[in-house]
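Encoded as structure tokens, the structure appears first; notes follow it.
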Amino acid sequence: LMDVEDLDLLLEHVDSANFRRTCNYLTSAAKYLPGPDDMLVLDIAYMIYIKFAEYPNALQIALFLDNMQYVKQVFTSCTDLLRKKQFCYM
1 LMDVEDLDLL LEHVDSANFR RTCNYLTSAA KYLPGPDDML VLDIAYMIYI
51 KFAEYPNALQ IALFLDNMQY VKQVFTSCTD LLRKKQFCYM
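Heads up: the sequence shown at position 24 corresponds to 24 in full-length UniProt numbering, and the numbers run straight through without jumps.
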């Protein structure tokens, strides 16, 4: 899907059994991609993490992307107060 630039399709087809593997692949592959492609791949990984409530990983990607809207979304989506306090140390 990276070659044909249809990574958005991943959001529909990823489920709870394979989202971690998919996101690990995307974040690892992003290190070797040029220019705007790496940010696009990380953006898709962020959306997958948010979809499955993996807030620590989503926050890590949001901070790497330097996207304060994503950081705010992680904090507003997470309902666990203790986890939010831990996010402050990231």
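Cβ atoms here follow ideal geometry from the backbone N, Cα and C, with glycine treated the same way.
Buried or exposed: residue i, going by 16 or more other Cβ atoms within 10 Å of its Cβ?
{"i": "residue 43", "result": "buried"}
{"i": "residue 54", "result": "buried"}
{"i": "residue 18", "result": "exposed"}
{"i": "residue 59", "result": "buried"}
{"i": "residue 89", "result": "exposed"}
Measure the C-alpha to C-alpha separation of residue i and residue j and round it to an integer number of angstroms.
{"i": "residue 5", "j": "residue 20", "result": "21 Å"}
{"i": "residue 83", "j": "residue 35", "result": "33 Å"}
{"i": "residue 12", "j": "residue 52", "result": "12 Å"}
{"i": "residue 7", "j": "residue 15", "result": "15 Å"}
{"i": "residue 31", "j": "residue 67", "result": "18 Å"}
{"i": "residue 46", "j": "residue 71", "result": "11 Å"}
Can you tell me whether residue i is helix, strand or coil according to DSSP?
{"i": "residue 34", "result": "coil"}
{"i": "residue 8", "result": "coil"}
For residue i versus residue j, is the C-beta spacing smaller than 8 Å?
{"i": "residue 50", "j": "residue 73", "result": "yes"}
{"i": "residue 100", "j": "residue 33", "result": "Residue numbering for the chain in the displayed model covers 1 to 90; residue 100 lies beyond these limits and cannot be assessed."}
### Task
Report yes or no: do three or more beta-carbon pairs, one from the stretch 78-89 and one from the stretch 33-43, lie closer than 8 Å?
no
### At least three beta-carbon pairs within less than 8 Å, the stretch 63-70 to the stretch 6-26
No, because fewer than three Cβ pairs between the stretch 63-70 and the stretch 6-26 fall closer than 8 Å, the two stretches do not touch.
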